[in-house]
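FYI, in this note's numbering the residues of the sequence shown are 611 to 982.
Backbone N, C-alpha and C fix where the C-beta goes; we use that ideal spot for every residue, glycine too.
Bear in mind the structure is a predicted one, so any value in this text is a computation, not a measurement.
Below: the structure, in structure tokens.
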Amino acid sequence: MSLVTIISGNRTEITKYKYGTDGIRVSAEHEVWEDGELKSKTKTEYLNDPLNITGYSQVLKQTETDIVANEETVTTYLIGHQRISQIVVKNGTEQEYYFTFDGHGSTRVLLDFAGAIAQLYSFDAYGNAIGFNPAETLTEFLYSGEQFDSKIGQQYLRQRYYDPTTGRFNRLDPFFGNISDPLSFHKYLYCIADPNNYTDPNGDHYWYLLFFVAAATGAVFLLRPFFQNTGKQIDSQPMPSKDIESCKKALYNIGHERTTAFARDIEDGLILINVFQGLGTEQGMQNDFGGFSGNTIYISNNVLAQENSIALALVAFAEFQHTPQGGKLNEQNAQTEFDPVRQMILKKIEDKQIILNEEQIKFIRSINHVHK
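Rendered as structure tokens:
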């Protein structure tokens, strides 16, 4: 979305957006006209960090310039596993605020530097503000901890914008759908119409929320990726370093330009790999091999159990293609890239350049990239 025009009587608001090569918003210009006269004009520039530990591009700094009033407001954010704080500098005055979240990841309390409550926020299930005006808050990061654009009344979720008043995204979901979950075929629906239990930080892949209470810190929340290819929720942990090294070595040994680039991304820390507890074929999970979310790839422990580094690399590569680093390919294009890589592997096996036993070869042949 690059241009939004809102007309109300004699008042016209025009907002223009620009994006980087990775598709992430880098600036926004907002103009307000009344009776043909320019009343206000602001430009906001965003400094984004795509490699932070949240797995998603995050705003580290935003600079808003009021061109008519000749004023500048600079907001700097501290990021950990979540957004921790923001420092706002305007007209030489600095104000610092700290975020407090609920189990959904939504900002519920904003604290000042002294720990006093600066503002309180409440939302309905879909993220509509209850008892406050989002245009008058001290922070833009509200429902599910994501940035709300009050100028157009929608939440910015990186790949798409979300309108909480309708529970819909602004454009088509590129994901085909999961046959075991009919709601996933809806191309605009937010979190399969279940925002109490899911969240979608990237606008293209919904997550299942797991709640628990920690005795010392109160309510805390964890995110568990909801695999669109399996229709299941999972917990995961970082892949052991020895398996990471085996995966990288195998990717280099395959020798395809795409697998080599993938290996380099792992080395540079641009791609993370986690391991989850696979459900197995006894529960109908014949393709229970892997998944992805953001720049994190998830590999089933069933794959590691094969002790087959080539198979591990192939499964990881299949999911890599959907990530931002891998080009965010859709199923059809990813399959087009996947087939030549597997054929290259099978040819090297045939030529004895890669030595595997029959069971390992059978497992490689069984890996199906297309999600069914």
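Secondary structure of residue i, DSSP reduced to three states
i	result
Q942	helix
L820	Confidence is the limiting factor: at L820 the pLDDT is only 44, short of 50, which leaves the residue's position unreliable, though a coordinate-based value still follows. Three-state result, L820: strand.
A638	strand
F758	strand
Q764	strand
T869	helix
K671	strand
T625	strand
Q696	strand
A735	coil
R975	helix
S903	strand
Q893	Its pLDDT being 38, under 50, Q893 is placed unreliably by the model, and nothing is read from it.
R781	coil
V951	helix
D875	helix
F751	strand
L799	strand
I959	helix
P744	helix
G916	The sequence shown places Gln at residue 916, rather than the Gly named in the question. Looking at Q916 - three-state DSSP - the assignment turns out to be coil, as it is neither helix nor strand.
Q970	helix
Classification of residue i by the beta-carbon crowding that lies within 10 angstroms, buried from 16 upward
i	result
L861	buried
P703	According to the sequence shown, residue 703 is Thr rather than Pro. So T703 counts as exposed.
K957	exposed
S754	buried
P784	exposed
I964	buried
G901	buried
N620	exposed
S903	buried
S976	exposed
P848	exposed
E929	buried
H714	buried
D759	buried
Q668	buried
Y627	buried
A921	buried
Y629	exposed
N600	This structure does not reach residue 600, given that the chain is present from 611 up to 982, and the question cannot be answered.
N943	exposed
P934	buried
E968	exposed
S618	exposed
E750	buried
A915	exposed
F973	buried
I955	buried
A745	exposed
8 Å contact criterion, which residue i and residue j should meet: CB distance rounded
i	j	result
I864	A923	6 Å
I854	I881	The Cβ separation is near 10 Å, so there is no contact.
Y708	R718	That belief does not hold up - the Cβ atoms of Y708 and R718 are roughly 12 Å apart, past 8 Å.
Q764	N780	7 Å
I634	P660	7 Å
D810	Y800	7 Å
V684	V699	5 Å
V951	R868	7 Å
N911	V885	6 Å
T675	T652	7 Å
V636	E655	7 Å
Q692	F711	6 Å
Short CB-CB distance (under 7 Å) between residue i and chain D
i	result
N918	No chain D appears in the structure shown, which is made up of a single protein chain.
Residue i - containing beta strand (DSSP E), residue span
i	result
Y862	Y862 -> not in any beta strand (DSSP E); alpha helix (DSSP H) instead, spanning S851 to I864.
Q705	T703 to F711
Q729	I727 to L730
L688	E681 to I689
T717	T717 to D722
T615	L613 to S618
Where the alpha helix (DSSP H) through residue i begins and ends
i	result
Q847	No alpha helix (DSSP H) holds Q847; the beta strand (DSSP E) holding it covers S846 to P848.
L924	S919 to F930
Identity of the residues DSSP links to residue i by a beta bridge
i	result
D659	Q668
F886	S846 and S910
R770	L767
E644	R621 and E647
K653	E639 and T675
D810	The partner list for D810 (beta bridge, DSSP) is empty, contrary to what the question assumes.
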